[in-house]
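**Student:**
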Amino acid sequence: MRFKEFFNLPLHKKLFLTYIFCWIGFFISFFFGKFIYYLSLKLFPPVKESVNIVAEIGTAKYSVVHSTVSSSLNNPYLSYALSYLLSNFLSCLIIVVVFALFGYLSRDEDEEKFFKYLSILYLFSVLNPITGIVGYKLPLSAIFYIIPHGLFEFFGFSIAIVLGLELAKTFYYKKSLKKIKILLLFLSLVFISLAALLEPIDWAIYNSNLSVVEGYSIVLSYLLGFKL
Numbered sequence: 001m002r003f004k005e006f007f008n009l010p011l012h013k014k015l016f017l018t019y020i021f022c023w024i025g026f027f028i029s030f031f032f033g034k035f036i037y038y039l040s041l042k043l044f045p046p047v048k049e050s051v052n053i054v055a056e057i058g059t060a061k062y063s064v065v066h067s068t069v070s071s072s073l074n075n076p077y078l079s080y081a082l083s084y085l086l087s088n089f090l091s092c093l094i095i096v097v098v099f100a101l102f103g104y105l106s107r108d109e110d111e112e113k114f115f116k117y118l119s120i121l122y123l124f125s126v127l128n129p130i131t132g133i134v135g136y137k138l139p140l141s142a143i144f145y146i147i148p149h150g151l152f153e154f155f156g157f158s159i160a161i162v163l164g165l166e167l168a169k170t171f172y173y174k175k176s177l178k179k180i181k182i183l184l185l186f187l188s189l190v191f192i193s194l195a196a197l198l199e200p201i202d203w204a205i206y207n208s209n210l211s212v213v214e215g216y217s218i219v220l221s222y223l224l225g226f227k228l
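The sequence shown lines up with residues 1 to 228 when you count with the UniProt record's numbering.
The following block contains the structure:
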């Protein structure tokens, strides 16, 4: 399928495919990050420092947000959840703005160039290579702890990417802005919020050396007032 054909698909199909691509992109970037780190240890030691720098850049936004939020909240769970929410939704907004700005600046370009560079921007968004570098030290088993919040987080990111595509189309073809595009931004926030509520729990379970099933069983039993 050519990118132009994908671009003109109905909204729900485009969203579904983007969600699948985001998961594929995550696994590719995750394993690629580990592969690069392995090479840096075995074959090219100087590369290790570069990998560490990229990882620090990838976590810088969250670190700044968390330091600001934690200074205002005494509750550790809410502090982490709100930090994840603000950091990830900021990423969604950046994605939307970049796509929209690209569409606006490309208004005088021919379609072939427009779709060529838009496809590159889309590919970079779904691959999200910095995420793979950030998790280069995590064991493979950590993937199971990413899935619960990732189900919502990647859907939120997928909505943001598709919204970005729709805005790029709106500005490039000089069409009017539809209300559904505003609704998409709200839906992205909803799913990013759900992911933010789960992410601190997932990492707490991971750090406690519990399985995902065992960890969530304990959480649910606590919330429902049961004892295991």
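The beta-carbon is built from N, C-alpha and C at its ideal position, and this holds for glycine as well.
What distance in whole Å lies between the Cβ atoms of LEU11 and VAL162, which are believed to be in contact at a cut-off of 8 Å?
**Tutor:** 7 Å
**Student:** My output table needs one value for LEU138: the three-state DSSP class, helix, strand or coil.
**Tutor:** coil
**Student:** Determine the DSSP secondary structure at PRO200, reduced to helix, strand or coil.
**Tutor:** For PRO200, the secondary structure class from DSSP, reduced to helix, strand or coil, is helix.
**Student:** In this structure, does DSSP put ASN128 in helix, strand or coil?
**Tutor:** coil
**Student:** What separation, rounded to the nearest whole angstrom, lies between the Cα atoms of SER188 and LEU140?
**Tutor:** SER188 and LEU140: Cα-Cα distance of roughly 28 Å.
**Student:** Alpha carbon to alpha carbon, what distance is there between ILE147 and PHE155?
**Tutor:** 12 Å
**Student:** Taking DSSP as the reference, what is the three-state secondary structure of ASN207?
**Tutor:** helix
**Student:** Count Cβ pairs between the stretch 167–184 and the stretch 80–87 that sit closer than 8 Å; are there 3 or more?
**Tutor:** no
**Student:** Would you mind giving the Cβ-Cβ distance between LEU121 and ILE159, rounded to the nearest angstrom? I have them listed as a contact below 8 Å.
**Tutor:** Rounded, the Cβ-Cβ distance is 16 Å, inconsistent with contact.
**Student:** Under a three-way DSSP split, which group does TYR222 fall into?
**Tutor:** If DSSP states are grouped into helix, strand and coil, TYR222 belongs with the helices.
**Student:** Tell me the rounded alpha-carbon separation between GLU166 and ALA195.
**Tutor:** 24 Å
**Student:** For LYS137, tell me which candidate among TYR37, GLU153, VAL98 and VAL69 has the shortest Cα-Cα distance.
**Tutor:** TYR37
**Student:** Between which residues of its own chain and VAL98 is the CB-CB distance below 8 Å, once the five residues before and five after are set aside?
**Tutor:** LEU121 and GLY164
**Student:** Once DSSP output is grouped into helix, strand and coil, what is the label at residue 231?
**Tutor:** Limits of the chain in this structure are 1 at one end and 228 at the other, which puts residue 231 out of reach.
**Student:** On a Cα-Cα basis, can you pick out the residue from SER217, ILE218 and LEU90 that is closest to VAL64?
**Tutor:** It is LEU90 whose Cα lies nearest to the Cα of VAL64.
**Student:** So, with DSSP's three-state summary, where would you put LEU177?
**Tutor:** The answer is coil: DSSP assigns LEU177 none of H, G, I, E or B.
**Student:** On the premise that SER193 lies in contact with LEU85, defined as a C-beta separation below 8 Å, what is that separation, rounded to the nearest angstrom?
**Tutor:** 6 Å
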